[in-house]
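Please read the structure below before turning to the comments.
Number of protein chains: 2
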Amino acid sequence: KSHQTNQCVCKVLTVDTMNSCVKKVEYAVRGPIVLRAVQIEKELKEGVQKPFSEVIKANIGDAHAMGQQPITFFRQVLAMCSYPELLDDDRFPEDAKGRARRILQGCGGQSIGAYSASQGIECVRQDVARYVERRDGGVPSDPDNIYLTTGASDGIVTMLKLLVAGEGRSRTGVMISIPQYPLYSAALAELGAVQVNYFLNEERCWSLDVSELRRALADARRHCNPRALCIINPGNPTGQVQSRQCIEDVIRFAAKERLFLMADEVYQDNVYAEGCEFHSFKKVLFEMGPEFSSTVELASFHSTSKCYMGECGFRGGYMEVVNMDPEVKAQLTKLVSVRLCPPVPGQALMDLVVNPPQPGEPSYSTFIRERKATLSSLAERARLTEQILNTVPGIACNPVQGAMYSFPRVTLPARAIREAEERGQAPDMFYCMKLLEETGICLVPGSGFGQRDGTFHFRMTILPPTDKLKILLSKVKDFHQRFIQQYS
Amino acid sequence: KSHQTNQCVCKVLTVDTMNSCVKKVEYAVRGPIVLRAVQIEKELKEGVQKPFSEVIKANIGDAHAMGQQPITFFRQVLAMCSYPELLDDDRFPEDAKGRARRILQGCGGQSIGAYSASQGIECVRQDVARYVERRDGGVPSDPDNIYLTTGASDGIVTMLKLLVAGEGRSRTGVMISIPQYPLYSAALAELGAVQVNYFLNEERCWSLDVSELRRALADARRHCNPRALCIINPGNPTGQVQSRQCIEDVIRFAAKERLFLMADEVYQDNVYAEGCEFHSFKKVLFEMGPEFSSTVELASFHSTSKCYMGECGFRGGYMEVVNMDPEVKAQLTKLVSVRLCPPVPGQALMDLVVNPPQPGEPSYSTFIRERKATLSSLAERARLTEQILNTVPGIACNPVQGAMYSFPRVTLPARAIREAEERGQAPDMFYCMKLLEETGICLVPGSGFGQRDGTFHFRMTILPPTDKLKILLSKVKDFHQRFIQQYS
Ligand SMILES: Cc1ncc(COP(=O)(O)O)c(C=O)c1O
Ligand SMILES: Cc1ncc(COP(=O)(O)O)c(C=O)c1O
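As you go down the protein sequences, you meet chains P and E in turn.
Note that the UniProt record's numbering gives residue 38 to position 38 of the first sequence, counting from 1, and the numbers run on in steps of one.
Note that the UniProt record's numbering gives residue 316 to position 316 of the second sequence, counting from 1, and the numbers run on in steps of one.
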């Protein structure tokens, strides 16, 4: 190290001297394949010849970017919150005006330009609590337990931050599903916590088996102190919707093994499959009676980014904490105050999501029509994706029961695997990169989410509009067949 | 520890088992005194009798909450970005429409509801770079070095995160001014970095002496590895504007001692005093010639929250990095991708701040009028605050050259200090708490920002409207005189 290059000697901050935890962070959803896709887009613009005319990004759950339209009511209210003179405009319906006034009254100086309370605007937290109560069939929710966040990402990272402690073998371990949404692994790497993997059961439609939780926990206890269990339901990247029974089993397990539960429920309205239903962890917990509902610690997360609204750019979200130690809650409140507050437009939007137009209000029918159109189109695209992918020999796709993704398994020829390894690439990265170069389709390799050794997958969103999705799926089909031929 | 109470045994997460770095975090701007102020407000609403009828919050730089009006042009553009149908509305001027169209074109699906690139929308980064070039008299700025952030807070914490490494005596130390804005101490505590204090010179109007930097650095090198130097200019809580000479000296010092510079310039338009001028670190660095401009590593921060716009709730901001190692920059880009993107409405607002109406455009005159009105009123309030406070025996206030705060020194009687100590309170906390209970005025004690041992201060924003500010100042005056009498 004493013989560094000149450049290294000059810089104070180098990869050798920077935070080593940050170096371990990986985030595949915006990883190398996406960087290459952006490059290719530029090349196309510059007139470089390619076997395709546009890049189709099916790598990220970004609904509006794929053409989904915002809910009219939401945007009307946001426009009035931004420019309150519009409150006098006849173009906007009375219920939208009422919502805008109520939000503005909750803001300092009646302006969304004021910092809010760090935990979030009080009336928004009240609306969230009432929403949770309605959703969960009357289970009580206290606005004091609601924290508004900068997207669900912020809430998840903040909760993990509180949980991380200890050194060496007593370092906090956090159980996450594999495949996982890579925010989890990234946050754990950054915090220097131990990632404890439990595998979802691909053979049974990505269900969660408590026996696998047990195995993973026992293994982990040999080298760290597992203290939290994260569940994503409906699942990303796997698209499953967990059954009520499964959730009950998980809660029992967490109670017995003394694990803090983190329930990522950002896809709670994205349930498509016949016979599937969303059950919140909170509701199931309370239905299990006081033995559980007064002891098990739970944080659950929601967001404005998914469901039928898909408003990712606003970075709205909330988390609800249940049975959190009051002193820890005080610490949490203090911690979030350092960054002052979540974005107020995002808070306003979260408010509208939990308090949308009601029957009898002027915007109700339009709202219902728009929401239904989006959700039923997503359901159609979910079915379409599964169906078409399963017509391809060598691709096996579980039903997309919910969320916004399919995570099909691809069987890759041994020769392709060897070639990938020679290049130092994960075989599914090699596959997806080739797909991108040949077709312009941008997917994320399964290795970015984790998968059982020796299996390969990709994640594809179901968000492209139906006609584009069909083209995309048929291109994937053609590519896969060519690929298999080439490497067999 | 084995004889814990029942409750502790039940909870997975307790103050004993949580992240110990988080426990060390303090953030006075929203600390106990503010919690008490909120309580008092509730008591007043419930009809509890008090010697005052309202709480006046002068504890936080939250302009809109104190009645400042937003810039019309900004809010018009934001309304159109939220609800693009307004682009067809005659009520809005063409320049506002043009800005809204340009921003929407930069968004995925032309919606501010799409995630942006993690570094920020490309056209916004271009506008920021052009703004920096104009501001700094032509010094080049590369949009690739601009990162949009969730308020300046986010940028500052992210940069500190990159810098923290090492253990024990080689743990990263970060030099911060005392008094400081407590985001810095809070972030360093959370990251487990070593806070290295250098004192501003109160006798010379809170100027920054390089000899003091030298002393602080030499002390720190005995127990940690100081790698970064943070400067807030114009200063919070101290309101000073550093001279060009001072900035040059600081840069020379950083170059010689190999320190990464972090320049917090969120108050760059808030300069009021005759003879004072804002000089960006970047500009001075480049004026010092290639020996410095091609080596010294610098990150500077700006925000939509302060200056004449005061749009805190939108959480907009940017940072510019200069001379950052390319590999570190790649790590930074990866790190920010984990949280997907800064809030897009905040990015849009940042764009308007760096690209406001130009001469000849329809909104120009209104914009200039509104900006000027706010800034000259702030200048008046800065003068007023200094003047009136200095009429009080036992209060000594430096000129408020810039930013939004006065930080006067108060001489407290020995008996008051003893009584505070008996209660386990910092004497200036005792003073401010009593002020709050007796007058409803909410200030932040100097101990929340740091001060030389044995000196006491409070921080008061200059943001209340002039008439209210006068009342506030005369109440503080009366209170101080009563307080002195009571404890003499
Ligand atoms: C499972 C899951 N959790 C959390 C998030 C974070 O979303 P946001 O921060 O936009 O709310 C996502 C985004 O895709 C997700 O899929
Ligand atoms: C010196 C300084 N830096 C940074 C900030 C953070 O502001 P924001 O995150 O709202 O941009 C503040 C806020 O008061 C400040 O005073």
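Virtual Cβ for every residue (Gly too), placed ideally from N, Cα, C.
Practice prompt. Please list the partners that residue 386 of chain E has in chain P, where partner means a Cβ-to-Cβ separation under 9 Å.
Written response: Taking the first residue of the second sequence as position 1, residue 386 of chain E is located at position 386. Near residue 386 of chain E there are no residues of chain P at all, since even the closest Cβ is about 25 Å away, more than 9 Å.
Worksheet item: Is residue 60 of chain P near ligand 1, in the sense that its beta carbon is under 8 Å from a heavy atom of that ligand?
Response: Numbered from 1 along the first sequence, position 60 holds the residue referred to as residue 60 of chain P. Residue 60 of chain P Cβ: within cutoff of ligand 1.
Fill in: Those residues which DSSP pairs with residue 460 of chain P across a bridge
As a first step, residue 460 of chain P must be located in the first sequence, where it is residue number 460. As a beta-bridge residue in DSSP terms, residue 460 of chain P pairs with P:406.
Item to complete: Count the other CB atoms, across all protein chains shown, that sit within 10 Å of the CB of residue 168 of chain E; report buried if there are 16 or more and exposed otherwise.
Response: As a first step, residue 168 of chain E must be located in the second sequence, where it is residue number 168. With fewer than 16 other Cβ atoms within 10 Å, it is exposed.
Item to complete: My understanding is that residue 152 of chain E touches residue 302 of chain E, with C-beta atoms under 8 Å, so please give their C-beta distance in whole angstroms.
Response: Walking along the second sequence from the start, residue 152 of chain E turns up at place 152. Walking along the second sequence from the start, residue 302 of chain E turns up at place 302. Right, the Cβ-Cβ distance comes to about 7 Å (below 8 Å), so this counts as a contact.
Worksheet item: Unbroken alpha helix (DSSP H) runs of length 4 or more, entirely within the region 84 to 146 of chain E: which are they?
Response: 94 to 105 and 122 to 135
Fill in: Any chain P beta carbon closer than 9 Å to residue 366 of chain E
Translated into the one-based positions of the second sequence, residue 366 of chain E becomes position 366. No, because no Cβ of chain P sits closer than 9 Å to the Cβ of residue 366 of chain E.
Fill in: Backbone CA spacing between residue 141 of chain P and residue 287 of chain P [nearest angstrom]
Here residue 141 of chain P is taken as the residue at index 141 of the first sequence, counted from 1. Here residue 287 of chain P is taken as the residue at index 287 of the first sequence, counted from 1. Taking the straight line joining both Cα atoms gives about 14 Å.
Worksheet entry | For residue 340 of chain E, the nearest candidate out of E:438, E:212, E:118 and E:101 (CA to CA) | Along the second sequence, one-based indexing puts residue 340 of chain E at 340. Residue E:118 is the option with its Cα nearest to residue 340 of chain E.
Worksheet item: Where does residue 483 of chain P sit, in a helix, a strand or coil, going by DSSP?
Response: Residue 483 of chain P sits at position 483 when you count from the first residue of the first sequence. Three-state result, residue 483 of chain P: helix.
Worksheet item: Which chain P residues sit within Cβ distance under 7 Å of residue 346 of chain E?
Response: Position 346 of the second sequence, counted from the start, is the residue given in the question as residue 346 of chain E. The contacting residues are 343.
Item to complete: Grab me the residues of residue 370 of chain E's own chain with a C-beta within less than 7 Å of its C-beta, minus the 5 sequence neighbours each way, in chain order.
Response: Here the question's residue 370 of chain E lines up with position 370 in the second sequence. Cβ within range, chain order: 71 and 72.
Worksheet item: If we call anything under 9 Å between Cβ atoms a contact, is residue 148 of chain P one with residue 317 of chain P?
Response: Reading the first sequence from its first residue, position 148 is the one you call residue 148 of chain P. Reading the first sequence from its first residue, position 317 is the one you call residue 317 of chain P. Contact: yes.
Fill in: Span of the beta strand (DSSP E) around residue 262 of chain P
Indexing the first sequence from 1 puts residue 262 of chain P at position 262. Element bounds for residue 262 of chain P: 260 to 264.
Discussion item. Tell me which residue opens and which closes the alpha helix (DSSP H) that residue 412 of chain P is part of.
Written reply: Position 412 of the first sequence holds residue 412 of chain P. Premise fails: residue 412 of chain P is in no alpha helix (DSSP H) and is neither H nor E.
Item to complete: Measure the alpha-carbon distance for residue 410 of chain E versus residue 194 of chain E and round it to whole angstroms.
Response: Translated into the one-based positions of the second sequence, residue 410 of chain E becomes position 410. Translated into the one-based positions of the second sequence, residue 194 of chain E becomes position 194. Separation of residue 410 of chain E and residue 194 of chain E (C-alpha to C-alpha, rounded to the nearest whole angstrom) is 30 Å.
Fill in: Continuous alpha helix (DSSP H) stretch holding residue 495 of chain P: start and end
Because residue 495 of chain P is not part of the residues shown, which for chain P are 1 to 488, the question remains open.
Worksheet item: In the region 152 to 234 of chain P, which residue ranges form an unbroken beta strand (DSSP E) of at least 3 residues, counting only runs that do not cross its ends?
Response: 172 to 178, 194 to 199 and 225 to 232
Fill in: Supposed contact pair residue 380 of chain E and residue 466 of chain E - C-beta distance, whole angstroms, cut 8 Å
Here the question's residue 466 of chain E lines up with position 466 in the second sequence. Here the question's residue 380 of chain E lines up with position 380 in the second sequence. Right, the Cβ-Cβ distance comes to about 7 Å (below 8 Å), so this counts as a contact.
Worksheet item: For residue 426 of chain E, does the three-state DSSP call read helix, strand or coil?
Response: Taking the second sequence and counting its residues from 1, one reaches residue 426 of chain E at position 426. Note: residue 426 of chain E maps to coil in three-state DSSP.
Worksheet item: What's the gap between the Cα of residue 481 of chain P and the Cα of residue 414 of chain P?
Response: On the first sequence, position 481 is the one that residue 481 of chain P refers to. On the first sequence, position 414 is the one that residue 414 of chain P refers to. The alpha-carbon atoms of residue 481 of chain P and residue 414 of chain P are separated by roughly 15 Å.
Worksheet item: Below 8 Å, can you find three or more Cβ-Cβ pairs linking the region 20 to 39 of chain E to the region 321 to 329 of chain P?
Response: no
Discussion item. Does the CB of residue 27 of chain E have a neighbour CB from chain P at under 9 Å?
Written reply: Sequence index remark: in the second sequence, residue 27 of chain E carries index 27 (1-based). True, the Cβ-Cβ gap to chain P drops below 9 Å.
Practice prompt. Report yes if the CB atom of residue 448 of chain P is closer than 9 Å to the CB atom of residue 459 of chain P, and no otherwise.
Written response: By 1-based counting over the first sequence, the position of residue 448 of chain P is 448. By 1-based counting over the first sequence, the position of residue 459 of chain P is 459. A contact, by the Cβ cut-off of 9 Å.
Discussion item. Please tell me whether residue 399 of chain P and residue 239 of chain P are closer than 9 Å, where the distance is taken between their beta carbons.
Written reply: Numbered from 1 along the first sequence, position 399 holds the residue referred to as residue 399 of chain P. Numbered from 1 along the first sequence, position 239 holds the residue referred to as residue 239 of chain P. Cβ distance < 9 Å, so residue 399 of chain P and residue 239 of chain P count as in contact.
Worksheet item: Rounded to a whole number of angstroms, what is the C-alpha to C-alpha distance between residue 180 of chain E and residue 200 of chain E?
Response: Taking the first residue of the second sequence as 1, we reach residue 180 of chain E at position 180. Taking the first residue of the second sequence as 1, we reach residue 200 of chain E at position 200. Residue 180 of chain E and residue 200 of chain E: Cα-Cα distance of roughly 9 Å.
Discussion item. Can you confirm whether residue 198 of chain E, when its beta carbon is compared against all beta carbons of chain P, has any partner nearer than 9 Å?
Written reply: Within the second sequence, numbered from 1, the residue matching residue 198 of chain E stands at position 198. No Cβ of chain P is located within less than 9 Å of the beta carbon of residue 198 of chain E.
Discussion item. Closer than 8 Å to a non-hydrogen atom of ligand 1 - does that hold for the CB of residue 270 of chain P?
Written reply: As a working mapping, residue 270 of chain P is identified with position 270 in the first sequence. Residue 270 of chain P: no, Cβ never under 8 Å from ligand 1.
Worksheet entry | Spatial distance of residue 304 of chain E from residue 353 of chain E (CA atoms) | Residue mapping note: residue 304 of chain E aligns to position 304 of the second sequence, counting from 1. Residue mapping note: residue 353 of chain E aligns to position 353 of the second sequence, counting from 1. Taking the straight line from one Cα to the other gives about 7 Å.
Worksheet item: Is residue 236 of chain E near ligand 2, judged by its Cβ being under 8 Å from some heavy atom?
Response: Start at 1 with the first residue of the second sequence, and residue 236 of chain E comes out as number 236. Residue 236 of chain E Cβ: within cutoff of ligand 2.
Discussion item. My assumption, with CB atoms under 8 Å, is that residue 64 of chain E sits in contact with residue 111 of chain P. Please give the rounded CB distance.
Written reply: Against the second sequence, residue 64 of chain E aligns to sequence position 64. Against the first sequence, residue 111 of chain P aligns to sequence position 111. At roughly 4 Å, the Cβ-Cβ gap stays under 8 Å, so residue 64 of chain E and residue 111 of chain P are in contact.
Practice prompt. Compute the beta-carbon to beta-carbon distance between residue 50 of chain P and residue 440 of chain P, rounded to the nearest angstrom, for a pair I have assumed lies under 8 Å.
Written response: Within the first sequence, residue 50 of chain P is the residue found at index 50, counting from 1. Within the first sequence, residue 440 of chain P is the residue found at index 440, counting from 1. By a beta-carbon distance limit of 8 Å, residue 50 of chain P contacts residue 440 of chain P. Their separation comes to about 7 Å.
Item to complete: Report yes if the C-beta distance between residue 405 of chain E and residue 226 of chain E is below 9 Å; otherwise report no.
Response: Taking the first residue of the second sequence as 1, we reach residue 405 of chain E at position 405. Taking the first residue of the second sequence as 1, we reach residue 226 of chain E at position 226. No.
Worksheet item: Counting along the chain, where does the beta strand (DSSP E) carrying residue 74 of chain E start and finish?
Response: Residue 74 of chain E sits at position 74 when you count from the first residue of the second sequence. Looking at the DSSP string, residue 74 of chain E is not in any beta strand (DSSP E); the run it does join, the alpha helix (DSSP H), is 72 to 82.
Discussion item. Give me the chain E residues within the contact set of residue 292 of chain P, using Cβ-Cβ distance strictly less than 7 Å, ordered along the chain.
Written reply: As a working mapping, residue 292 of chain P is identified with position 292 in the first sequence. Within 7 Å Cβ-Cβ: nothing; residue 292 of chain P doesn't reach chain E, min ~12 Å.
Fill in: Where residue 340 of chain E falls: helix, strand or coil (DSSP)
Counted from its first residue, the second sequence places residue 340 of chain E at position 340. Coil at residue 340 of chain E, not helix or strand.
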